[in-house]
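Presented below is the structure to which this report refers.
Numbering (my numbering), first residue to last: 49 to 599.
Okay, here's the thing in structure tokens:
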């Protein structure tokens, strides 16, 4: 049972003033007639002539290029050449050449995009920034200078001797760049906001190759756009992050229970590839017998009790900035058993914290698996690292809703209904989590002129629904991705009917098919597009980077 749960946890965890002067020197970047193998070949040849051994063509691509990507889908996307810049100046040279030849390209920081093309470019150019991994601390220790090529585990290790931390990722292997440009939910976001809300300054390369430093005081518009605007404004080569004290111990972990009854069970399965599915009446009977035995010994919880507890959590923890937590629903596929659970962390390490007292009393049942303990903060990141191995087939899909008990119950029914159709696919595992976005967390988004999302404190508390699936065969890619989308689409329909849907789509959890920026406020969309026209008038970053989210 615990072996299955180890796999389960894997899933669950799941401006312009000074810039205007620079814009006056924008170089022409072509007429964007479209990408071709000839233009990209010419671009790669030009890059090699200037950057030399920092450029690798498709006949000599380093194996590290592929092993550095999180998903197998990304590893299967082959660029024509890859550039390994070692400085911002190298990035500037590369972007000038790419613009002149109108070749498609992608930026790779940590390579954790969940879909093919997110940080790769089929037949194009990849700028792999992993050599931009400098780490420095200011003399007053209030600012960490973090190169975009770093991953969060390295950043935390660097800051450990000073008992400092930054608002960064919860998985150590995640790259700095995409995390911060897309938002950045952290263990300490309740107290300090998201990662993008704690960037003091961005060093970026503009579309004309200019290297600029962007802060709230120097270029407030572009600074605003970089806080959630993703790839659309420039290539970030360094982030200057606000540091915070790192408390010696936190309290938290995972806690899983059996779901006492499946809310919806299909009497007949409509499977696209039934010959690969090993479900049978005997398995169905056995799994229900296991659940009944587990319930008899006190390891079960009913759906109503679970969703009530999870919907109370953001309200009960509202006045405790150290408390974060979310709910989990998942299938243990080989046993055909649904489980529910929580992941909670108290960064003040307070036993019996008031924020979690109702949750504990509501979920008053035996745990089939628990990792709750007091530990050094890095231990919680390492726990998630253990359950997030690279080299898997994985898809994410997401939507946002106001916290509501009745709605949460409906989503469980939708999840089970859809998962029942594909649960027998090779290597399949499925889960969804309810990531709470509390009012105090939203309030932190207003710092330094606010970020690009357009979420208001009065909108909260919100829950960011994350559907995460893994599976074994490329033949099932389309079916599994479509099923994840079905769950979110159906949840949005019901959410709108119940009046709890919120338009925000979290970029770092979004599927390739989702229109991320349509979920931002209308006012912010207009502002972002105006800024984009000013800093990138030829549309280099939106039109030649096809793989990620464009305005």
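All C-beta atoms in this analysis are idealised placements derived from N, C-alpha and C, irrespective of residue type, glycine included.
Checklist line | Per DSSP, cross-strand counterpart(s) of residue 298 | finding: 423
Margin query: Taking the alpha-carbon of residue 419 as reference, which of 426, 431 and 477 has the nearest alpha-carbon?
Written below: 431
Notebook entry, point to check: What does DSSP give as the partner residues of residue 349 in its beta bridges?
Noted result: 307
Item checked: Cross-strand partners of residue 354 (DSSP beta bridge) -> Answer is none; residue 354 lacks a bridge partner.
Next item on the list: May I ask which residues mark the beginning and end of the beta strand (DSSP E) holding residue 191?
Entry: 191–195
Notebook entry, point to check: Helix, strand or coil: which one does DSSP assign to residue 324?
Noted result: No answer about residue 324 holds up, because its pLDDT of 40 lies below 50 and its placement is not dependable.
Check: If you draw a straight line from the alpha carbon of residue 511 to that of residue 110, how long is it in whole angstroms?
Finding: 41 Å
Check: Is the beta carbon of residue 499 less than 8 Å from the beta carbon of residue 278?
Finding: no
Margin query: Please return the same chain residues whose Cβ sits closer than 7 Å to the Cβ of residue 53, not counting the five positions on each side in sequence.
Written below: Confidence in residue 53 is poor, its pLDDT being 35 and thus under 50, which makes the residue's placement too unreliable to answer from.
Check: Grouping DSSP H, G and I as helix and E and B as strand, with all else coil, what is residue 429?
Finding: helix
Check: Is it true that the segment 542–549 meets the segment 447–458, where meeting means three or more beta-carbon pairs spaced less than 8 Å apart?
Finding: yes
Checklist line | Residues bridged to residue 269 (per DSSP) | finding: None; residue 269 has no bridge partner.
Next item on the list: With a cut-off of 8 Å on the beta carbons, I'd call residue 379 and residue 478 a contact; round off their distance for me.
Entry: 5 Å
Next item on the list: State the Cα-Cα distance for the pair residue 573 and residue 208, rounded to the nearest angstrom.
Entry: 39 Å
Notebook entry, point to check: Taking the beta strand (DSSP E) that residue 444 falls in, what are its first and last residues?
Noted result: 441–450
Notebook entry, point to check: Considering residue 394, what are the terminal residues of the beta strand (DSSP E) in which it resides?
Noted result: 385–394
Margin query: Which residue marks the beginning of the beta strand (DSSP E) containing residue 156, and which one marks its end?
Written below: 153–156
Item checked: Reference residue 150, options 161, 247, 255 and 371, closest by Cα -> 255
Check: Tell me which same chain residues have a C-beta within less than 7 Å of the C-beta of residue 598, skipping the five on either side of it?
Finding: 280 and 590
Item checked: Beta-carbon proximity of residue 610 to residue 172, cut-off 8 Å -> The chain is shown only over 49 to 599; residue 610 falls outside these bounds and no answer can be derived.
Check: For the putative contact between residue 182 and residue 193, defined by C-beta atoms under 8 Å, what is the C-beta separation to the nearest angstrom?
Finding: 7 Å
Note to self: Using a 10 Å radius around the Cβ and a threshold of 16 neighbouring Cβ atoms, would you call residue 585 buried or exposed?
What the structure shows: exposed
Item checked: Residue environment, residue 265, which counts as buried when at least 16 other CB atoms sit within 10 Å -> exposed
Notebook entry, point to check: Where DSSP assigns a beta bridge to residue 479, which residues make up the other side?
Noted result: 378 and 516
Next item on the list: Out of 389, 403 and 388, point me to the one whose CA is closest to residue 395's CA.
Entry: 403
Check: Under 8 Å between the Cβ atoms of residue 482 and residue 559?
Finding: no
Next item on the list: Check whether the Cβ of residue 541 lies closer than 8 Å to any Cβ atom in chain C.
Entry: Chain labels in this structure do not include chain C; a single protein chain is all it has.
Notebook entry, point to check: I think residue 154 touches residue 174, with their Cβ atoms under 8 Å apart; what is that distance to the nearest whole Å?
Noted result: 5 Å
Next item on the list: Throw me the rounded Cβ distance for the residue 368 and residue 401 pair, which I believe falls under 8 Å.
Entry: 6 Å
Next item on the list: State the Cα-Cα distance for the pair residue 211 and residue 298, rounded to the nearest angstrom.
Entry: 14 Å
Notebook entry, point to check: Quick one, which of 497, 513, 365 and 375 has its alpha-carbon nearest residue 487's?
Noted result: 365
Check: What residues are listed by DSSP as bridge partners for residue 183?
Finding: 194
Margin query: Let's see if you can read the secondary structure: which residues bound the alpha helix (DSSP H) around residue 604?
Written below: Residue 604 falls outside the range modelled here, since the chain spans only 49 to 599, and no answer is possible.
Margin query: Buried or exposed, going by whether 16 or more other CB atoms sit within 10 Å of the CB of residue 346?
Written below: exposed
Check: Could you give the residue range of the beta strand (DSSP E) that holds residue 252?
Finding: 247–253
Item checked: Bounding residues of the alpha helix (DSSP H) (the contiguous stretch that carries residue 289) -> Here residue 289 belongs to no alpha helix (DSSP H); instead the beta strand (DSSP E) covers 283–290.
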